[in-house]
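First the structure, in the form of structure tokens, and then the observations on it.
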Amino acid sequence: MEENREISALLTLIDDPDEEVFTTVSERIIHYGSGIIPNLENLWENTPDNEIQERIEMIIHRVHFTGLVQDFTQWRDSAYHDLLFGALLVAKYQYPDLQTAPVIYEIDRMKRNIWLELNTYLTPLEQANVLNSILYNYYNLKGTEIAYNNADDFFIHKVVQGKKGNSISNGILYMILAELLDLPVRAVNIPRQFVLGYFNSEFDVENATLLEQAQSGIDFFVDASNGNPFTWQDVEGYLKRVSITPMPGYFKPLSKKRIIQQLLEELSQCFDTPGQQYKKAELLQLAALLDA
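See below:
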């Protein structure tokens, strides 16, 4: 951004020892939006003082975050919630300069390879087996336990690049590919798990009020961490082990907004250390934004 008098003055005041002055200055800088980031980066490069560099870094982060709030608001309010775009917005929290085109290209390449093996004569389970074979055997996608010591396992671009993620991020990639291939795969609301269901397109599970109706609406389930399919009996056995009574609501598909919200909530737990508490608060702020 071309510097004017106000920008020049604001940049020289970043090192003001008065916290009130610094707060006012930083808020005004943030008001300029992402266009001012190159000016801040240039100032950082020419500032030898570590404390001032940390101030500049925090201002840059807040500029990115303010833009991200706007992007999430637009995604929330859009008529169609693109799951890939929502997952990329989550990744941009930690990687604000993320180039999305390579991610989109690689996912499209995966989709084409799966599509070549599909045909209309396959049963739902056979279709899932084709997707699973390409994704987990050919591309060698690996699943990890959900842990909070590696935030990268939650980011869609890292999953696509490194072919490794947890059940949530792998599940999001799985659903993105399934949607591109017109396969009826959705996440379901089973407690304490992120599980995919292969839905029967002839049954309206959204309006199911009885467990038997929900059972009619899902042919089988998929463990997104490794692609393994499993049955209703497996799910019922799990719920029994954890002392949870099956309810129809557990088997209704999660909305894309709720999926991205859950991704943000889980990611926030990666930032529990004192120096990163602000990141946890910001991620929960983004998650709460999707409630509206």
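Position 58 (the sequence shown) corresponds to 44 in the numbering used here; numbering is contiguous. For every residue, glycine included, the Cβ atom is placed at its ideal position computed from N, Cα and C. None of these values were measured; they are calculated from a predicted model.
Distance check for Met44 and Phe237, CA to CA, integer angstroms please.
42 Å
Under the rule that 16 or more other beta-carbon atoms within 10 Å means buried, what is Met233, buried or exposed?
The C-beta of Met233 has fewer than 16 other C-beta atoms within 10 Å across all chains shown, which makes the residue exposed.
Tell me whether Asn105 sits in a helix, a strand or coil according to DSSP, three-state version.
For Asn105, the secondary structure class from DSSP, reduced to helix, strand or coil, is coil.
Quick check on the burial criterion: 16 or more other C-beta atoms within 10 angstroms. Buried or exposed for Gln219?
exposed
Answer yes or no: do Leu250 and Ala267 have a C-beta to C-beta separation smaller than 8 Å?
no
Please tell me whether Pro110 and Tyr184 are closer than 8 Å, where the distance is taken between their beta carbons.
yes
Measure the alpha-carbon distance for Asp138 versus Ile(-7) and round it to whole angstroms.
Answer to the nearest angstrom: the Cα atoms are 35 Å apart.
Burial state of Val7, where buried means 16 or more other Cβ atoms lie within 10 Å
Classification of Val7: exposed, given that the 10 Å Cβ count is below 16.
Would you list, in sequence order, the uninterrupted beta strand (DSSP E) runs of no fewer than 3 residues that lie entirely inside the region 147 to 216?
150 to 152, 171 to 174, 181 to 185, 204 to 208
Taking the alpha carbon of Glu37 as the reference point, which residue from Val55, Asn28, Asp2 has its own alpha carbon closest?
Minimum Cα-Cα distance from Glu37 among the listed residues Val55, Asn28, Asp2 corresponds to Asp2.
Can you tell me where the beta strand (DSSP E) holding Thr59 begins and where it ends?
Element bounds for Thr59: not the beta strand (DSSP E) but the alpha helix (DSSP H), 36 to 63.
Beta-carbon proximity of Glu89 to Glu103, cut-off 8 Å
Note that residue 89 is Val in the sequence shown, not Glu. Result no, Cβ atoms of Val89 and Glu103 do not sit closer than 8 Å.
Can you check which of these residues, His143, Leu121, Gly19, Asn123, is closest to Gly72 by C-alpha distance?
His143
By Cβ distance below 6 Å, which residues in the same chain neighbour Gly288 in space, the five residues on each side in sequence not counted?
It is not possible to answer for residue 288, since the shown part of the chain is limited to -13 through 278.
Going by the beta-carbon positions, is the gap between Lys279 and Leu167 smaller than 8 Å?
There is no way to answer for residue 279, as the model of the chain reaches only from -13 to 278.
Taking the Cβ atom as the reference point for each residue, do Gln80 and Phe180 lie within a distance shorter than 8 Å?
no
Residue nearest to Pro82 in terms of C-alpha spacing, selected from Asp277, Phe51, Arg14:
Phe51
Terminal residues of the alpha helix (DSSP H) in which Gly223 lies:
Boundaries of the alpha helix (DSSP H) around Gly223: 218 to 227.
Is it buried or exposed, Tyr160, if we count other Cβ atoms within 10 angstroms and call 16 or more buried?
Only buried fits Tyr160, as 16 or more other CB atoms lie within 10 angstroms of its CB.
Do you know offhand how far Leu127's Cα is from Lys150's?
6 Å
CA-to-CA distance, Tyr134 to Thr9, given in whole angstroms:
32 Å
Where are the beta strand (DSSP E) runs, 3 residues long or more, that stay fully inside the region 107 to 135, in chain order?
128 to 130
Buried or exposed (CB count within 10 angstroms, at least 16 for buried), Glu252
Around the C-beta of Glu252, 16 or more other C-beta atoms lie within 10 Å, and the residue is accordingly described as buried.
Between Leu270 and the rest of its own chain, which residues show a CB-CB distance below 8 Å, the 5 nearest in sequence each way excluded?
Closer than 8 Å at the Cβ level, and outside the excluded window around Leu270, lie Leu250, Glu251, Ser254.
According to DSSP, which residues form a beta bridge with Pro239?
Note: Pro239 sits in a beta bridge opposite Val174.
Would you please state the rounded distance, in angstroms, between the beta carbons of Val208 and Pro215? I believe it to be under 8 Å.
5 Å
Residues near Ile246 in its chain [Cβ-Cβ closer than 6 Å; skip 5 each side]
Gly72
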